[in-house]
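Notes follow once the structure below has been shown.
Protein chains in written order, with the working numbering: chain A, 598 to 1007; chain C, 598 to 1007.
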C-alpha cells in the first residue's frame, strides 16, 4: 500500500485553502480596556478633537507672543500676572496686552494668550510682575485643538491587532467600547489508540498526548479559543462523530491524526464525508509535515495535521495560524520574530521539498550562529531545545556552514 | 524654580535600580497545561526516558537487519510474517531468524527485531510471507529508548519562559504540574487633577485617563497582573496613602505622575517617604521620558513615570518591563522584535540625551523604509500611528535620511 501523494508546496497549499474559504468576520462589541490582542472589526473615527482645548506643554506663563518680541536677559519684557490657570478646569483669567497668566503643563491656554514662555525663561519681580528673558513665537509650547487627532479622523482601520497604545488612543477620545472580531473557537481532536492523557501512567506501547497542549498554546497565540474534544480511538465512526461535533459547534476543526498510513487515510476519509467541498490538499512538500490534509467543509476550515508533535506544530504555524488571523479579518498579518545568524553546520535536504530545521542560537565573539539541533526531526525535545527554526527552500538541496540564514524565533 | 536634574542615561539607570533590588523569586505550582507564558522557577529533570520503548518511525516490517543483507529487487530476502504489533500495547510477537512482524508508525519494535523495512520496500507474497527489496542497517527507522530524552536529563532550566513546545515536552514525560514564578502584582496609580475616567464626559480643561490602560497592557505583556488603584488627586496625603497601600499589597508600584513640575516633585516627595533606600534616580537623559523617578522602598521597586502617555509607555518599556521579567527570575531576557529599515527623513536630536523616535514602516520597491511620525512627541496618536520606534544614541546629534536603523516593532 504505497502512499500516492500529490504533494503541494506549503505556500501554494495555503493559497488554495484561502481560495475556497470565505472571510466572513463575526463581530462582538466589548469594553475597550479588555480589547488587548483583539482584531478591530470596523474602522473607528474620532468623535471629538483631541486635545479639546489648547494646552500648554510646559510649566510657564501664557502670553501674547507679540509682547515678548525682542525680549532678552539685558532687555527683558515686563508683564503683569493676571492670574493662574487651575488644572482640570476652564481658564477664567483672560490675558490682555501686557498681561500674562501662570499655566501648568497640560493646563488650558487662557483666552487672549497665543504662546507660553517656559518658567526657566522668566524672572519673578514681585507677586504681580515678571520679566520675560526670551521671545516666543505664536503657538510655541502650545498643543492646538485637534493637533493629536481631529474629529472625524480615522483612529484605526478594520483588521488591526489592538496594542496597548491603541487602547489608549480609543479611550482618550471616549470610545469605551469597540467592535472586534469574535475569537475563533477551534475544535481540537487527537486520535491514536496509543495516545493517553498526560496524567495517566504509561502502559507498554503507549505515549502521552502532547498535541492537545502544544496546539492549544498556538491557538491562544493566534487569538483563538482552544476547545479540546479529547483523545478519540482509531475507529472511523468515533472519529467521524467527534469531527462532526467539532464542525457543528466550532469555527475551525484541527485533527491531529495518528501517524500510520491507515489512520491518516481514515482521517482523510472522515474529513471527506464531513461536508462540501471537502479535502483540497492531501500531502504537502514539507519536512516535517508531509502527511497534512487541508479541507473546507461547509465554509469552515478543517485541518488533518500529522500526529507527530513536531510536524503538527510546524504545519500549524505555516497553515493554521494564518487561517486563524484571516478568520478574524486581520489584515496586518504579523511578521514572525526573526534574527539573522550564520549556520554552524551543513544542512542537507532534498530538492522539491521545503525543510524546516530546528536551531539553537549561540552568541560567539564574531556574531550570532545558528546550530541545528541534533536528532530525528520528529522528537519533541528537538523543539524544546530549539530557539527557532530555519527554512531550506524547495529549490535547494541544503545549506552550507557559514551561510547567513534567517531564524524564526519561538 | 528651574529644574535641577542630575540626568542619568537609561541603561545606567536600569543598572543602578537592579543593584539595589534583590531578586527573590516567589514560586507557585500550577498545572502544566496552564503554564504558557510563565517563567520556570526551578530546573526540571525528566523522570523517565522517552520514548519508553523502541518505536518504529515508519509503517513497515520489523526485522533482524542481518536477514536483509544484500537484498535487492532482483534478489529479495524472503521473510515469514510472525504477526502484527498492535498500537498502544506491548508487542507480544517475537521476531526470530528469518521472521518479521508488521509494525505501524509509532508502534513498538518487537523483541528480536533491530530495524524496520518501510512497507514501500517490500512485496507481499501471501498472508504469511514477504519479499524485502532493499537491505536495512541495524537501528534503521527505529527511535531508541531515551533518544528523545533520557531519565535524569534536564528538560528546562530555571528562568525560562514557557512556550507551547515546552508544555509538550513536560507533559510527554508526565510532568503535569510545574513550579513557576508567581506573577508580580503591579499597583498602578494615576495622578492629576485634570484626569478623569474615560467613561465620563469631558469638562473644560479635563483629559481622559490613558495611562491606566496602556500600562495595564504593558504589564500583562510582561507577565504581570495590573492592579489599578484609580485616579488620585494632586494632594500629598492622598497620593501618599495610595502609594503606601500599593507598596504594602503589591510587588511593584508604578505611579504616573502629573506633568507639571510641582506635581512631579510631589510624587518624588511621596516616594522618598515610602521606605528605604528610597529615590535612586530623579531624571533620565531620555526623550521622551526625562522626568522619571526610580526608587526602591523596602526591597520593592517604585517607579514615578511621566504623566504624558507617550513618555510613560517609552519609559515603561525601557525600565519597568525588564524589572518585571527580572522579578520573575527570567534569565533569557527577550530581544524585542526588530527589523532593519532605512530612515526616510533626517532626525535631529541633542547630544547627551538618548532619543526614541516613533516611525511608521513603508515597504517600497527598494526595501523597507522607516518614516518618522510627525507631531509633538507627547501625543498619544503618534504612538497609535507608529509601527515601531528607533533609538538615537546619547552620543549622536541625529540620524540622516537613508541611514540604516533598527526599528523595534510594537
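Cβ atoms here follow ideal geometry from the backbone N, Cα and C, with glycine treated the same way.
*Evaluate residue 695 of chain A with the Cβ neighbour count: other Cβ atoms within 10 Å of its Cβ, from every protein chain shown; 16 or more gives buried, anything less gives exposed.*
Taking the first residue of the first chain as 1, we reach residue 695 of chain A at position 98. It is exposed - the Cβ of residue 695 of chain A has fewer than 16 other Cβ atoms within 10 Å.
*Looking only at DSSP bridge pairs, what is residue 543 of chain C linked to?*
The question about residue 543 of chain C has no answer, for chain C in this structure spans 598 to 1007.
*Opposing strand residues paired with residue 721 of chain A [DSSP bridges]*: On the first chain, position 124 is the one that residue 721 of chain A refers to. DSSP lists A:727 as partners of residue 721 of chain A.
_I'd like to know if residue 954 of chain A contacts chain C, where contact means its C-beta is closer than 8 Å to some C-beta of that chain._
Position 357 of the first chain holds residue 954 of chain A. No, residue 954 of chain A does not count as interfacial toward chain C.
*Under the three-state reduction of DSSP, which class applies to residue 608 of chain C: helix, strand or coil?*
By one-based count along the second chain, residue 608 of chain C stands at place 11. In the displayed model, residue 608 of chain C falls within a helix according to three-state DSSP.
*asked:* Against chain C, with Cβ distances strictly below 8 Å, would residue 807 of chain A count as a contact?
replied: Sequence index remark: in the first chain, residue 807 of chain A carries index 210 (1-based). Interface residue, yes.
*Can you name, in chain order, every residue of its own chain whose Cβ lies under 8 Å from the Cβ of residue 619 of chain A, other than the five neighbours on each side?*
Here residue 619 of chain A refers to the residue found at position 22 of the first chain. Around residue 619 of chain A, the same chain offers 896 as residues with beta carbons nearer than 8 Å, after the five sequence neighbours per side are excluded.
*To the nearest angstrom, report how far apart residue 640 of chain C and residue 925 of chain C are at their CA atoms.*
Against the second chain, residue 640 of chain C aligns to sequence position 43. Against the second chain, residue 925 of chain C aligns to sequence position 328. Each residue's Cα considered, the two are about 14 Å apart.
*Proximity of residue 739 of chain C and residue 712 of chain C at Cβ, strictly below 8 Å*: Position 142 of the second chain holds residue 739 of chain C. Position 115 of the second chain holds residue 712 of chain C. Going by C-beta atoms, residue 739 of chain C is nearer than 8 Å to residue 712 of chain C.
*Which residues in the same chain as residue 898 of chain A place their Cβ atom closer than 6 Å to its Cβ, once the five residues preceding and following it in sequence are excluded?*
Working through the first chain from its first residue, we reach residue 898 of chain A at position 301. The residues 618, 849 and 920, in chain order, have a CB closer than 6 Å to that of residue 898 of chain A in the same chain once the five nearest residues on each side in sequence are set aside.
_Please list, in chain order, the chain C residues whose beta carbon lies closer than 9 Å to that of residue 973 of chain A._
One-based indexing of the first chain puts residue 973 of chain A at position 376. 654, 740, 744 and 745, listed in chain order.
*From C:883, C:891 and C:666, residue whose alpha carbon lies closest to that of residue 865 of chain C*: Translated into the one-based positions of the second chain, residue 865 of chain C becomes position 268. When only C-alpha atoms are compared, the closest one is C:891.
_For a quick check, are the C-beta atoms of residue 982 of chain C and residue 957 of chain C less than 8 Å apart?_
Along the second chain, one-based indexing puts residue 982 of chain C at 385. Along the second chain, one-based indexing puts residue 957 of chain C at 360. Yes, they are a contact pair.
*Could you please give me the residues that DSSP links to residue 1032 of chain C through a beta bridge?*
As displayed, chain C neither begins before 598 nor continues past 1007, which places residue 1032 of chain C out of reach and without an answer.
*asked:* Spatial neighbours of residue 599 of chain A within its chain, please: C-beta separation below 6 Å, excluding the five flanking residues on both sides.
replied: Within the first chain, residue 599 of chain A is the residue found at index 2, counting from 1. The predicted position of residue 599 of chain A is uncertain, since its pLDDT is 34 and thus under 50; a value taken from the coordinates is nonetheless stated next. Result list for residue 599 of chain A: empty, nothing under 6 Å.
*Jot down the residue ranges of each uninterrupted beta strand (DSSP E) in the stretch 804-865 of chain A, minimum 3 residues, whole runs only, in chain order.*
Runs of beta strand (DSSP E) with 3 or more residues, each lying fully within the stretch 804-865 of chain A, are found at 822-829 and 849-853, listed in chain order.
_Per-residue burial, residue 966 of chain C [other beta carbons within 10 Å of its own, 16 or more giving buried]_ = Translated into positions along the second chain, residue 966 of chain C becomes position 369. That one is buried.
*Of all the options A:996, A:1001 and A:909, which has the alpha carbon lying nearest to the alpha carbon of residue 943 of chain A?*
The residue given as residue 943 of chain A occupies position 346 in the first chain. The shortest CA-to-CA distance from residue 943 of chain A to any of A:996, A:1001 and A:909 is the one to A:996.
*Which residue's Cα is closest to the Cα of residue 790 of chain C: A:930, A:701, A:927 and A:974?*
Position 193 of the second chain, counted from the first residue, corresponds to residue 790 of chain C. The residue with the shortest Cα to Cα distance from residue 790 of chain C is A:701.
_Segments assigned alpha helix (DSSP H), at least 4 residues, entirely inside the stretch 879-918 of chain A_ = As far as the stretch 879-918 of chain A is concerned, its whole alpha helix (DSSP H) runs of at least 4 residues are 906-912.
*Who are the neighbours of residue 725 of chain C on chain A, taking C-beta pairs under 9 Å?*
Position 128 of the second chain, counted from the start, is the residue given in the question as residue 725 of chain C. Going along chain A, no residue has its Cβ under 9 Å from residue 725 of chain C, so there is no contact; the nearest lies around 18 Å.
*Mind listing the chain A neighbours of residue 910 of chain C? Cutoff is C-beta to C-beta under 9 Å, in chain order.*
Within the second chain, residue 910 of chain C is the residue found at index 313, counting from 1. Per Cβ cutoff of 9 Å: 761, 762 and 765.
*Between the stretch 695-717 of chain C and chain A, which residues of the former have a C-beta closer than 8 Å to a C-beta of the latter?*
Of all residues in the stretch 695-717 of chain C, 701, 702, 703, 704, 705, 716 and 717 have a Cβ within less than 8 Å of some Cβ in chain A.
*For my contact list, residue 888 of chain C and residue 875 of chain C are in at a C-beta cut-off of 8 Å; report their separation, rounded to the angstrom.*
The residue you call residue 888 of chain C lines up with position 291 of the second chain. The residue you call residue 875 of chain C lines up with position 278 of the second chain. Incorrect: roughly 17 Å between the Cβ atoms, too far for contact.
*State whether the stretch 623-636 of chain A contacts the stretch 762-782 of chain A, with contact taken as three or more CB pairs (one from each stretch) at a distance under 8 Å.*
Segments in contact, yes.
_If I measure Cβ to Cβ from residue 916 of chain A and keep anything under 6 Å in the same chain, skipping five residues before and after, which residues do I get?_
The residue you call residue 916 of chain A lines up with position 319 of the first chain. Hits under 6 Å: 611.
_Enclosing alpha helix (DSSP H) for residue 977 of chain C [first to last residue]_ = Taking the second chain and counting its residues from 1, the one referred to as residue 977 of chain C is at position 380. Annotation: the continuous alpha helix (DSSP H) that includes residue 977 of chain C extends over 977-982.
_Contact residues within the stretch 981-995 of chain A, judged by C-beta distance below 7 Å to chain C_ = Flagged, chain order: 981.
_Residue(s) in a DSSP beta bridge with residue 937 of chain C_ = What you label residue 937 of chain C is simply residue 340 of the second chain in a count that begins at 1. DSSP, once it has assigned bridges, lists C:1003 as partnering residue 937 of chain C.
*Contact list for the stretch 921-932 of chain C against chain E, Cβ threshold 8 Å*: In the displayed structure, chain E is absent; the protein chains listed are A and C.
*How should residue 621 of chain C be labelled, buried or exposed, when 16 other C-beta atoms within 10 angstroms of its C-beta is the threshold for buried?*
To locate residue 621 of chain C, count along the second chain from 1; it is residue 24. Answer is exposed; the Cβ neighbour count stays below 16.
*Roughly how many whole angstroms lie between the Cα atoms of residue 935 of chain A and residue 745 of chain C?*
Numbered from its first residue, the first chain carries residue 935 of chain A at position 338. Numbered from its first residue, the second chain carries residue 745 of chain C at position 148. Distance between the alpha carbons of residue 935 of chain A and residue 745 of chain C: 26 Å.
_Can you tell me whether residue 601 of chain C is buried or exposed? The criterion is at least 16 other CB atoms within 10 Å of its CB, across all chains shown._
Start at 1 with the first residue of the second chain, and residue 601 of chain C comes out as number 4. The predicted position of residue 601 of chain C is uncertain, since its pLDDT is 46 and thus under 50; a value taken from the coordinates is nonetheless stated next. Looking at its Cβ environment, which holds fewer than 16 other Cβ atoms inside 10 Å, residue 601 of chain C is exposed.
*Quick one: give me the first and last residue of the beta strand (DSSP E) that residue 704 of chain A is part of.*
Locating residue 704 of chain A in the first chain gives position 107, where the first residue counts as 1. Note, residue 704 of chain A: premise wrong, no beta strand (DSSP E); not H, not E.
_Checking 8 Å against the spacing of the C-beta atoms, do residue 802 of chain C and residue 705 of chain A come in under that value?_
Here residue 802 of chain C corresponds to residue number 205 of the second chain, with the count starting at 1. Here residue 705 of chain A corresponds to residue number 108 of the first chain, with the count starting at 1. Cβ distance < 8 Å, so residue 802 of chain C and residue 705 of chain A count as in contact.
*Pairwise C-alpha distance: residue 854 of chain A and residue 951 of chain A*: In the first chain, counting from the first residue as 1, residue 951 of chain A sits at position 354. In the first chain, counting from the first residue as 1, residue 854 of chain A sits at position 257. Taken atom to atom, the span from the alpha-carbon of residue 951 of chain A to that of residue 854 of chain A is near 22 Å.
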